[in-house]
Amino acid sequence: MRSPTLGDGKGIPEEFVSAVMQVLLGEKNYSVHGDYSAPSLKPVVARIYPLFILLYAIPTALGLTLNVMIIVYISKYKLYRDVTHAFLVNLAVCHCVQSAFVLPITLMVMIIQNWVFGQFMCFFLPLLQVSAFVVVFMSGTVAPECMQFNNISLLCPRT
0 MRSPTLGDGK
10 GIPEEFVSAV
20 MQVLLGEKNY
30 SVHGDYSAPS
40 LKPVVARIYP
50 LFILLYAIPT
60 ALGLTLNVMI
70 IVYISKYKLY
80 RDVTHAFLVN
90 LAVCHCVQSA
100 FVLPITLMVM
110 IIQNWVFGQF
120 MCFFLPLLQV
130 SAFVVVFMSG
140 TVAPECMQFN
150 NISLLCPRT
């Protein structure tokens, strides 16, 4: 017996074909579970979502607290006049934005099965998430410069 192909339409459930046609025609996608205009929890994480929230809350709180402390310290001692410290303040502000916005929204994307943040955030969130890579990369480039500035250069020892 020959297995059915996609071309003849045999073996494909009618609900699947109907859902695909709704998406292709631009209609709202209401599945068996109901209306997706309100947040609905993914069944996979329904039992363990408090653990996800806890594991995201810890770095969010630490990220905000420690980066605000860096900004306060550099501002208190007026170290921002140095280019390196001004750059570190810039990185700390970027980390604060990521801790306050990107981490909670990314958590919601992980535990909720539909997008409830609107069209703007649909395009803006990946931009914010990519900035995390840029911040880590820039932190890695400023670290050797800081070490060389303090005469503790490990990368380029003196001869």
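Note that numbering that gives the first Met the number 0 has the sequence shown beginning at 0, numbered continuously upward. Think of the CB as a built atom: it goes at the ideal place given N, C-alpha and C, for glycine as much as any other residue. If you're wondering where the values come from, they're calculated on a predicted model, not measured in any experiment.
Task: Burial state of C155, where buried means 16 or more other Cβ atoms lie within 10 Å - done: Here the model assigns C155 a pLDDT of 44, short of 50, so the residue's position is not dependable, and the following value carries that caveat. Residue burial annotation: C155 is exposed, with fewer than 16 other C-beta atoms found within 10 angstroms of its C-beta.
Open item on the list: Just to confirm my understanding: we take V88, look at its own chain, exclude 5 residues before and 5 after, and list those with CB closer than 7 Å. What are they?
Closed with: Answer for V88: I70, I73, Y79, listed in chain order.
Task: Presumed contact (8 Å Cβ cut-off) between C95 and N66, rounded CB distance - done: Rounded, the Cβ-Cβ distance is 5 Å, consistent with contact.
Open item on the list: Just verifying my parser: in three-state terms, what is the DSSP assignment at I111?
Closed with: I111 falls in the strand class under three-state DSSP.
Task: Assigned exposure category for Q118 - 16 Cβ within 10 Å defines buried - done: With fewer than 16 other Cβ atoms within 10 Å, it is exposed.
Open item on the list: Looking at L63: is its Cβ nearer than 8 Å to the Cβ of A99?
Closed with: The answer is yes: Cβ separation under 8 Å.
- [ ] Give the range of the alpha helix (DSSP H) segment to which P42 is assigned.
- [x] From DSSP, P42 is part of no alpha helix (DSSP H); its letter is neither H nor E.
Open item on the list: Rounding to the nearest angstrom, what Cα-Cα distance links L54 and G10 in this structure?
Closed with: Those two C-alpha atoms are separated by around 43 Å.
Open item on the list: Which runs of the alpha helix (DSSP H) at least 4 residues long sit entirely within the segment 70 to 135? Give them in chain order.
Closed with: Fully contained in the segment 70 to 135 are the following alpha helix (DSSP H) runs of length 4 or more, in chain order: 82 to 96, 102 to 110.
Open item on the list: Does L102 pass the burial test, meaning 16 or more other C-beta atoms within 10 Å, or should it be called exposed?
Closed with: Label assigned to L102: buried.
TODO: Would you please state the rounded distance, in angstroms, between the beta carbons of F51 and M109? I believe it to be under 8 Å.
DONE: Right, the Cβ-Cβ distance comes to about 6 Å (below 8 Å), so this counts as a contact.
TODO: With a threshold of 16 other CB atoms inside 10 Å of the CB of R1, please say whether the residue is buried or exposed.
DONE: Residue confidence for R1 is low, a pLDDT of 48 falling below 50, so the modelled location carries little weight; the figure read from the coordinates is stated next. Label assigned to R1: exposed.
Task: Simplified DSSP state of L37, which is helix, strand or coil - done: Note on residue identity: the sequence assigns Ala, not Leu, to residue 37. DSSP places A37 in coil when its eight states are reduced to three.
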